[in-house]
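Contents: one structure, followed by commentary.
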Amino acid sequence: MLSVETYQTMAEAAGAMTDRSRFLGGGTLIMRAVNYGDQSFDRIVRSRQLDRTIKAESSGVRIGAAATMTDILASRDVPFLHPVARVIGGPAIRNMATVGGNLFAPPPYGDFATALLALDARVMMTNGQEEPIEGFLAARNYARGLVAAVHIPTGKEADFRFLKVSRVKPKGVAMLSIAAWLRRGEARIAWGNMGRTPLRSKAAERLLNHASLDESGIAPAIAVCAQDLQPFDDALATAWYRREVAPIYLKHLLLDGGRS
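For reference, each letter of the sequence shown is one residue, going 340 to 599 in our numbering.
See the structure below:
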């Protein structure tokens, strides 16, 4: 039997989490799982204390875990994230889907987490601990505690670009997504739906670090971009197809920002 428990604070809710619990934030993923009879959990944990704030700080931008995609679109502090939030579902989904929930979203979801990986975000837990998003995504599980916020370091916005590849536009789920942060001497390329969690193309990043962003300059990185990825078969595409088209879409993103 499925039980629902409500706590006053996030700290109390975090203390109640186990591997058989799921936290109810926006509910876009968890209620889908309930409706489909998911047997991997039997407790839903809620909190009356939800943080939807988006605040620019001297060190970067702090985004509360309960901030929705609609909140992101309404914020003047994160205009560079507007193209990401805008392609996540339709208005009803964007009104409910949260930043914290997207960190746990399985394929073919998780576009926002992909963007945060490229932006080198840090995940802030309710117990005060912080960790780089890459490590968090690699080891994510529901029993570790609850996410309080994410923090994006300052200076990332001007060099960020994002591309979602979907068979159904504008609201279809992503066959793959790519987020890139590009600066001379430093590059981060993150992929969604090219593994069970968002992944980076580290081989391609190394080759882009001091490359010119023209066709000849990016060619070596394009050639190895799928090297660190783990594509899979699903109803949207085969692993083979994802691997074949990855270089094409990365080239598109690097040369013209992914614009159609």
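Quick reminder that beta carbons are idealized off the backbone N, C-alpha and C, glycines included.
The model shown is predicted, which means the values in this text are computed figures rather than measured ones.
Please state whether the Cβ-Cβ distance between residue i and residue j is less than 9 Å.
i: L592; j: T536; result: no
i: A615; j: N548; result: As shown, the chain starts at 340 and ends at 599. That puts residue 615 outside it, with no answer to give.
i: L485; j: M370; result: no
i: M435; j: G366; result: yes
i: A352; j: R361; result: no
i: K541; j: I561; result: no
Report the rounded CA-to-CA distance for residue i versus residue j, giving the unit in angstroms.
i: A431; j: S555; result: 43 Å
i: A423; j: A454; result: In the sequence as displayed, the identity of residue 423 is Val instead of Ala. C-alpha separation (whole angstroms): 7 Å.
i: L363; j: Y481; result: 12 Å
i: L456; j: N532; result: 13 Å
i: D553; j: A518; result: 18 Å
i: E469; j: P446; result: 25 Å
Could you give the residue range of the beta strand (DSSP E) that holds residue i?
i: Y588; result: Note, Y588: premise wrong, no beta strand (DSSP E); alpha helix (DSSP H) at 578-595.
i: H490; result: 486-492
Quick one, which of the options has its alpha-carbon nearest residue i's?
i: D390; options: V373, P586, Q347; result: Q347
i: L515; options: G484, G494, V584; result: V584
i: I587; options: T407, G467, K503; result: K503
i: S505; options: A574, L442, D358; result: A574
i: A452; options: D595, L546, L538, Q569; result: L538
i: S551; options: R425, S540, G524; result: G524
i: V417; options: M356, T357, F499, V343; result: F499
i: D595; options: D572, F501, F443; result: F501
So does residue i have its beta carbon nearer than 8 Å to some heavy atom of the ligand GDP?
i: A519; result: Among the components of this structure there are no ligands whatsoever, and the ligand GDP is therefore not found.
What first and last residue would you give for the alpha helix (DSSP H) that runs through residue i?
i: T357; result: Premise fails: T357 is in no alpha helix (DSSP H) and is neither H nor E.
i: F443; result: Where F443 is concerned, there is no enclosing alpha helix (DSSP H), given that its DSSP letter is neither H nor E.
i: V423; result: 421-425
i: L412; result: 408-413
i: F451; result: 450-457
Contact the region 460-479 vs the region 553-569: 3+ CB pairs below 8 Å
Verdict: no, contact absent.
Are the region 386-400 and the region 484-498 touching, with three or more C-beta to C-beta distances below 8 Å?
A contact exists between the region 386-400 and the region 484-498.
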